[in-house]
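Numbering (my numbering), first residue to last: 1069 to 1484.
As structure tokens, the structure follows; a few thoughts come after it.
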């Protein structure tokens, strides 16, 4: 199989010609410098620009060709990845050089094996035992490069930067949030504006690959104003990154602009203006109609959260009978009405789901009778009331309500 990184270097050399450089500016509306940071090449045989796609650790795993007609194809042997610039000095540091090694036994380095976790006789490369380039593990073969008879399984952790332990280190130093964009040209536009940007090749690309790069960082997801796919992709990415970042916001360009590139080129958008727009229009909460997953307990909790007054659920189960607060007291609730209410609740709800091809999407709920029954069962975690009235509906240090007499102006504790 051809080495895609080597092949890309050949294509990248073609960008040095003045004619191609001028063509780039006309084609993308961004500076040649920004595109070179992101990585760009040119295939004169197919008259196509070449975009490198990387994994979470900077390795080029795919090459996209953009033909003059706008059609895009992948070079043979490619897999889909992310568009983002890398710190080439760090990438060089992360490379594992094949050949003889100075190995250190993990006992001597006072560490555990990075592969099997055991603290005994596995070996790590001696140049940096705490963050090694390679490991000889005697136990685990999964993911190894090869088996060395009498030594164990060779795991290359930093072959061409393929598996650096600190993925975020391969990103160049930057100020401000990381922008997550859709497509190569939007990513290049963000870089041209002065941002660190990471681009997905499509709206619904599997966003899990982003996590090592953006963990504990300030992140803004920029969606596309297209029909359906842009919003679904943004929400799916938000769900994946939620809880992984220092801060996480999502934003669309103004409605008149389809994407970030068009917005930038039409109004000469700059970094400060964009950040002001994010402050005014960005959202840090997920779409309330998108649940974390499709599990019965997740649906039950979301439904119950929509049925609260001052944090107290208004729908309860008293000794097996469903009841609902009507503003004055709890009255019996027909279970058929309750089931219907859950069906209605799920009518416009969706949840992240992985397709058979590995791509995430937002799937709409299509509840069945048995699924509604599962949701009702899940509600029994929070809804049952087993005490006889009068009783408090949540834990409190207040007096036993049986000892209280209620008046219009307050309550009297008969024990005081």
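Note that the Cβ used here is the ideal one computed from N, Cα and C, for glycine as well.
Buried versus exposed, by CB contacts within 10 Å (16 or more), residue i
{"i": "residue 1424", "result": "exposed"}
{"i": "residue 1383", "result": "buried"}
{"i": "residue 1187", "result": "exposed"}
{"i": "residue 1115", "result": "exposed"}
{"i": "residue 1205", "result": "buried"}
{"i": "residue 1223", "result": "buried"}
{"i": "residue 1214", "result": "exposed"}
{"i": "residue 1353", "result": "exposed"}
{"i": "residue 1168", "result": "Here the model assigns residue 1168 a pLDDT of 37, short of 50, so the residue's position is not dependable, and the following value carries that caveat. Residue 1168 should be labelled exposed."}
{"i": "residue 1307", "result": "buried"}
{"i": "residue 1288", "result": "buried"}
{"i": "residue 1071", "result": "exposed"}
{"i": "residue 1292", "result": "buried"}
{"i": "residue 1254", "result": "buried"}
{"i": "residue 1321", "result": "buried"}
{"i": "residue 1141", "result": "exposed"}
{"i": "residue 1269", "result": "buried"}
{"i": "residue 1157", "result": "exposed"}
{"i": "residue 1464", "result": "exposed"}
{"i": "residue 1356", "result": "exposed"}
{"i": "residue 1249", "result": "buried"}
{"i": "residue 1200", "result": "buried"}
{"i": "residue 1203", "result": "buried"}
{"i": "residue 1220", "result": "buried"}
{"i": "residue 1475", "result": "exposed"}
{"i": "residue 1113", "result": "exposed"}
{"i": "residue 1468", "result": "exposed"}
{"i": "residue 1132", "result": "buried"}
{"i": "residue 1153", "result": "buried"}
{"i": "residue 1086", "result": "exposed"}
8 Å contact criterion, which residue i and residue j should meet: CB distance rounded
{"i": "residue 1265", "j": "residue 1246", "result": "7 Å"}
{"i": "residue 1151", "j": "residue 1252", "result": "5 Å"}
{"i": "residue 1304", "j": "residue 1275", "result": "6 Å"}
{"i": "residue 1370", "j": "residue 1259", "result": "In fact, because the Cβ distance is near 38 Å, the residues do not count as touching under 8 Å."}
{"i": "residue 1390", "j": "residue 1401", "result": "4 Å"}
{"i": "residue 1139", "j": "residue 1119", "result": "Not a contact, Cβ separation roughly 14 Å."}
{"i": "residue 1192", "j": "residue 1208", "result": "No, residue 1192 and residue 1208 are not in contact; Cβ-Cβ is about 14 Å, not under 8 Å."}
{"i": "residue 1335", "j": "residue 1461", "result": "Residue 1335 to residue 1461, Cβ: 55 Å. No contact."}
{"i": "residue 1451", "j": "residue 1374", "result": "With a Cβ gap of about 14 Å, residue 1451 and residue 1374 do not count as contacting."}
{"i": "residue 1130", "j": "residue 1109", "result": "About 13 Å separates the two Cβ atoms, so there is no contact after all."}
One or two residues paired with residue i in a DSSP bridge
{"i": "residue 1393", "result": "1398"}
{"i": "residue 1381", "result": "1376"}
{"i": "residue 1140", "result": "1134"}
{"i": "residue 1223", "result": "1203"}
{"i": "residue 1481", "result": "1472"}
{"i": "residue 1345", "result": "Residue 1345 is not bridged to any residue."}
{"i": "residue 1371", "result": "Paired residue(s): none; residue 1371 is not in a bridge."}
{"i": "residue 1191", "result": "1173, 1204"}
{"i": "residue 1116", "result": "1111, 1135"}
{"i": "residue 1302", "result": "Residue 1302 pairs with nothing; no bridge assigned."}
{"i": "residue 1323", "result": "According to DSSP, which records beta bridges pairwise, residue 1323 is partnered with nothing at all."}
{"i": "residue 1387", "result": "In DSSP, residue 1387 forms no bridge with anything."}
{"i": "residue 1351", "result": "1318"}
{"i": "residue 1336", "result": "Residue 1336 pairs with nothing; no bridge assigned."}
{"i": "residue 1418", "result": "1358, 1432"}
{"i": "residue 1286", "result": "1315"}
{"i": "residue 1214", "result": "1222"}
{"i": "residue 1443", "result": "Note: residue 1443 sits in no beta bridge, so no partner."}
{"i": "residue 1128", "result": "1122"}
{"i": "residue 1452", "result": "1385"}
Residue-chain proximity (residue i, chain D), Cβ-Cβ < 8 Å
{"i": "residue 1112", "result": "The question asks about chain D, but that chain is absent: this structure has only one protein chain."}
Simplified DSSP state of residue i, which is helix, strand or coil
{"i": "residue 1075", "result": "helix"}
{"i": "residue 1434", "result": "coil"}
{"i": "residue 1247", "result": "strand"}
{"i": "residue 1485", "result": "Given that the chain is displayed from residue 1069 to residue 1484, the structure contains no residue 1485 and the question cannot be resolved."}
{"i": "residue 1081", "result": "helix"}
{"i": "residue 1264", "result": "strand"}
{"i": "residue 1466", "result": "coil"}
{"i": "residue 1154", "result": "coil"}
{"i": "residue 1280", "result": "helix"}
{"i": "residue 1088", "result": "helix"}
{"i": "residue 1255", "result": "helix"}
{"i": "residue 1406", "result": "helix"}
{"i": "residue 1487", "result": "The requested residue 1487 is not part of the displayed model; the chain covers only 1069 to 1484."}
{"i": "residue 1238", "result": "helix"}
Validate contact between the segment 1346-1354 and the segment 1311-1324 using beta carbons, cut 8 Å, 3 pairs:
yes
Using a Cβ distance threshold of 8 Å, determine whether the segment 1415-1422 contacts the segment 1430-1441, with at least three qualifying pairs required.
The segment 1415-1422 and the segment 1430-1441 touch, with no fewer than 3 CB-CB distances between them shorter than 8 Å.
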